[in-house]
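Those protein sequence lines, which keep their order, are chains A and B. In terms of the working numbering, the first sequence opens at residue -12 and continues consecutively. In terms of the working numbering, the second sequence opens at residue -12 and continues consecutively. A virtual CB, placed ideally from N, CA and C, is assigned to each residue, including glycine. Quick caveat: nothing in here was measured; it's all calculated off a predicted structure. Note sheet for the following structure.
2 protein chains.
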Amino acid sequence: MSVKPFIQSCQERVNLALQQRLPRPEGVAKRLYDAMHYGVLNGGKRLRPALVYATVKALDCPLAVGDDAACAVEMTHCYSLIHDDLPAMDDDDLRRGKPTCHIAFDEATAILAGDALQAQAFEVITNSQNSATNSDNKLRMIAFLSKCSGSLGMIGGQAIDLASVGQALSLSELKQMHTCKTGALINACVTLGALATNRASQAELAALSTFAISIGLAFQIKDDILDVEGDTQTLGKQQGADLDLNKPTYTSLLGLEKAKEEAHRQHQKAIAALDLFDDKADTLRELATYIIERNH
Amino acid sequence: MSVKPFIQSCQERVNLALQQRLPRPEGVAKRLYDAMHYGVLNGGKRLRPALVYATVKALDCPLAVGDDAACAVEMTHCYSLIHDDLPAMDDDDLRRGKPTCHIAFDEATAILAGDALQAQAFEVITNSQNSATNSDNKLRMIAFLSKCSGSLGMIGGQAIDLASVGQALSLSELKQMHTCKTGALINACVTLGALATNRASQAELAALSTFAISIGLAFQIKDDILDVEGDTQTLGKQQGADLDLNKPTYTSLLGLEKAKEEAHRQHQKAIAALDLFDDKADTLRELATYIIERNH
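Shown next as structure tokens:
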């Protein structure tokens, strides 16, 4: 697929940018800084940064304009994974085939590393040297990231997720959970990317949000499908893990075929939302397709 | 002491402001919102908000100008307490005589409530309707809060604290730990308060930071003194708790008398730093004295 080299170049680009923005692992708090590096520079696919950069590209700006936004969303994503893996949460020992942060370090350090990464995400935006982004845009980026990552966004979604284990959720409740848990941060990717360029109209910002929310849902439905269909080796995690926990999923609520149809429908909706963009948004379109067609 | 009514009015003021800024405890994520309310509206003394308001007063502005800054620092403080009390951290069951957040709810909810409160602290600043504070000042407030609360500030100090249990720290290392762990957020109180007014000169901002760092150290030394001298009932926590954990303290390093002298010295330094302010800064001066002379 033609978008793969783009994803790979974004991965390299953001890994370098992240490394430059993390505290140097030295001094009395070295263990904390090591844990932050470990939790962030972890071989992740960096789909969220790719969405930031593709948005910057859609608005005809050089990718560097998206560096701080990409780092901020990825730090937020990584902090949430570190906390998500904790014994009191999902209690995962492995992530991408490597020990999770609290296993490689210890629980206290993992909690603090997550906390520090969240603060750093906001700091990265305020410290941005990007000349395209003025103070008002930085503030809008911070407002959007804090809302999307907080109690009405990502964390709210995780709380609903926790509360839903063993519960019968309706399809609309499941959708609400995922729109918060995954969709909100994906929305932050395209919106922060667009705000960083200082070139997006209100209509373009709204279209990007619609795109992101649909992509977020498609992403989650695909996750549920892979959890049923994929094998453990390809996924790097236990196949059927969510099923074992008796968590409500799209496949358990809709069945496999209807879940695939819903993923397709959300994909179409995402593509349609980008109608007001020209072919510079093709990478964004290809990313949406990639998310639906990935097998891990 | 004449500052007590001021502290009490700040307590009432910020409690109301916090309540207005927390998510309404309803809907599918109600348990999370309840935990956030529980962790924030907890009968705390609100010394940090009082420092914000006293700074606003020193700069001759109405207290309302400090509401968002006061809420932001207090939310940050409360999130750090919730995470600090977790079993993997200090493992405390009681705070101010009431069950800690993870006891009253559960560990996962306490982790998420802390995470959500951190995000909300930044959101509160971006959403501020305070007409005295322009975009540039809001950004400076966010930059300062993220730095003071992150890996080079509060969280960095907690990491040093964790690493120091059973270790022999030098006096300068102990000072560094407390300057990060407590001093940084106290610095955020006066600096955010000053930035919110948009009236502080560079010299005044620098003086307030010096004041805050000394007050922060005096506060911590006093804590160590109270831990040796105070009785359990007055403190609301186990007397000698830090001693039991074999944590380095000012009293263990300096002895009780020298620790008292050092607290006095930091107090004098704090007061001297305010020399360029007129009598409108008297409340700030009285707060410094209150912190040294408190017995709980």
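- In the structure shown, the three-state DSSP call for Lys85(B) is strand.
- Comparing C-alpha distances from Thr166(A) to each of Gly144(A), Ser(-11)(A) and Ala119(A) shows the shortest one belongs to Gly144(A).
- By the CB criterion at 9 Å, Arg33(A) and Ile69(A) fall outside the cutoff.
- Not a single CB atom of chain B sits nearer than 9 Å to the CB of Thr238(A).
- For Gly180(B), the enclosing alpha helix (DSSP H) starts and ends at Ala171 to Thr184.
- Only buried fits Ala246(B), as 16 or more other CB atoms lie within 10 angstroms of its CB.
- Distance from Ala51(B) to Val39(B) at the Cβ level is roughly 12 Å; contact not present, criterion being Cβ atoms closer than 8 Å.
- Our two residues, Thr238(A) and Val215(A), have alpha carbons roughly 8 Å apart in a direct line.
- Nearest CB-CB separation between Gly153(B) and chain A: not below the 9 Å threshold.
- Taking 3 residues as the shortest admissible run, the segment 89 to 145 of chain A contains no complete beta strand (DSSP E) segment at all.
- Judged by DSSP secondary structure, Leu274(A) falls within the alpha helix (DSSP H) whose first and last residues are Asp269 to Glu280.
- Rounded to the nearest whole angstrom, the C-alpha separation of Ala75(A) and Phe92(A) is 16 Å.
- By the neighbour-count definition (other C-beta atoms within 10 Å, threshold 16), Lys267(B) is an exposed residue.
- Of the residues assessed, Ala106(B) falls on the buried side of the cut-off, its CB having 16 or more other CB atoms within 10 angstroms.
- In the three-state DSSP reduction, Gly153(A) falls in the coil class, being neither helix nor strand.
- Contact of Arg18(B) with chain A by beta-carbon distance below 7 Å involves Ala146 and Ala150.
- When Cβ pairs closer than 8 Å are counted between the two stretches, the segment 79 to 88 of chain A is seen not to touch the segment 202 to 212 of chain A, the count staying below three.
- Excluding five sequence positions before and after Ala100(B), the CB atoms of its chain that fall closer than 7 Å to its own CB belong to Leu19, Ala22, Met23, Gly26, Ile69 and Cys88, given in chain order.
- Judged by DSSP secondary structure, Ser188(A) falls outside any alpha helix (DSSP H); it is assigned neither H nor E.
- Under the Cβ criterion of 9 Å, Lys245(B) is not counted among the residues facing chain A.
- For chain B, the residues of the segment 64 to 83 of chain A that bring a beta carbon within less than 7 Å of one of its beta carbons are His70, Leu73, Ala75 and Met76, in chain order.
- The shortest C-alpha to C-alpha distance from Leu104(A) to any of Val60(A), Gly30(A), Gly180(A) and Ala119(A) is the one to Val60(A).
- When the Cα atoms are used, Glu13(B) and Leu139(A) turn out to be separated by approximately 12 Å.
- The Cβ of Gly203(A) sits no closer than 9 Å to any Cβ of chain B.
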